[in-house]
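Protein chains in written order, with our numbering: chain A, 168 to 282; chain B, 21 to 128.
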């Protein structure tokens, strides 16, 4: 158990809908990272927040947005969902804002299925 | 550009040694991570190399050559539970770039 929690574990929804994924980082960690992992594909970095502020952006679609709240939990919002958005969404956390050289601890993921 | 290459699949026998290679190209290199991921589960941290050379941690060792853009993960005394995907990730400018992963199957 990494100490990172994600809810829900599974989500089934229809095309065109909007969903919110939630992540709570490990106690003491200030950074949260969101990743997408599609079938047979590597982890694609989406976005990073550090202490409430956006720190780095990856291949995040405009239909997707995220935020980090004062209690450091984070939410990833996915809207106008398409079939291709079906994937595992992981949240990770680290102590500081140097995700490129700090160990990131991953949550159990949310499996999203868009029908 | 940024690119991470590692073999898609490997097989090995229980008790043997296997080496998983990774080559990378990133801007602003900040070190090389290896993560283990069992199917449908979260990736878990195995090792981090920032300087050239070999880092040993029990049955797992990781090597880095910065000049060659090359790393490998060495797994000794393979066990059935080592069957998993192994993800190579390079620290680039402000983010971690993951490879597609190497799926390792360990057979009795």
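Note that the Cβ used here is the ideal one computed from N, Cα and C, for glycine as well.
Limits of the beta strand (DSSP E) - the one that residue i falls within
i	result
residue 70 of chain B	Here residue 70 of chain B belongs to no beta strand (DSSP E), and DSSP marks it neither H nor E.
residue 199 of chain A	198-204
residue 282 of chain A	Careful: residue 282 of chain A lies outside any beta strand (DSSP E) and carries neither H nor E.
residue 180 of chain A	177-180
residue 224 of chain A	220-224
residue 118 of chain B	116-118
residue 91 of chain B	90-95
Straight-line gap, residue i to residue j (C-alpha atoms, nearest Å)
i	j	result
residue 60 of chain B	residue 175 of chain A	15 Å
residue 115 of chain B	residue 222 of chain A	10 Å
residue 202 of chain A	residue 36 of chain B	33 Å
residue 23 of chain B	residue 101 of chain B	29 Å
residue 98 of chain B	residue 78 of chain B	12 Å
residue 181 of chain A	residue 109 of chain B	33 Å
residue 87 of chain B	residue 47 of chain B	13 Å
residue 270 of chain A	residue 67 of chain B	9 Å
residue 254 of chain A	residue 205 of chain A	5 Å
residue 172 of chain A	residue 232 of chain A	19 Å
residue 228 of chain A	residue 111 of chain B	22 Å
residue 179 of chain A	residue 250 of chain A	11 Å
residue 85 of chain B	residue 117 of chain B	17 Å
residue 193 of chain A	residue 72 of chain B	31 Å
residue 169 of chain A	residue 274 of chain A	7 Å
residue 80 of chain B	residue 183 of chain A	45 Å
residue 258 of chain A	residue 96 of chain B	30 Å
residue 74 of chain B	residue 52 of chain B	12 Å
Helix, strand or coil at residue i according to DSSP, with G and I counted as helix
i	result
residue 101 of chain B	helix
residue 193 of chain A	coil
residue 171 of chain A	coil
residue 58 of chain B	coil
residue 26 of chain B	coil
residue 109 of chain B	strand
residue 34 of chain B	coil
residue 212 of chain A	strand
residue 41 of chain B	strand
residue 129 of chain B	Not covered by the structure: residue 129 of chain B. The range shown for chain B is 21 to 128.
residue 123 of chain B	strand
residue 87 of chain B	coil
Neighbourhood of residue i by C-beta, 8 Å cutoff - its chain only, sequence neighbours within 5 removed
i	result
residue 30 of chain B	38, 40, 122, 123, 124, 125
residue 195 of chain A	262
residue 27 of chain B	40, 41, 122
residue 92 of chain B	39, 40, 41, 42, 82, 83
residue 185 of chain A	244, 245, 246, 247, 248
Residues near residue i in its chain [Cβ-Cβ closer than 7 Å; skip 5 each side]
i	result
residue 252 of chain A	245, 279, 281
residue 237 of chain A	219
residue 58 of chain B	104
residue 106 of chain B	40, 54, 56, 93, 121, 122, 124
residue 119 of chain A	One cannot answer for residue 119 of chain A here, as it falls past the ends of chain A, which runs 168 to 282.
Spatial neighbours of residue i in its chain, beta-carbon cut-off 6 Å, leaving aside the 5 residues before and after
i	result
residue 226 of chain A	211
residue 235 of chain A	199, 216, 219, 241
residue 127 of chain B	33
residue 50 of chain B	111
residue 44 of chain B	24, 89, 110
Quiz item: Unbroken beta strand (DSSP E) runs of length 3 or more, entirely within the stretch 228-273 of chain A: which are they?
Solution: 231-235, 241-245, 254-261
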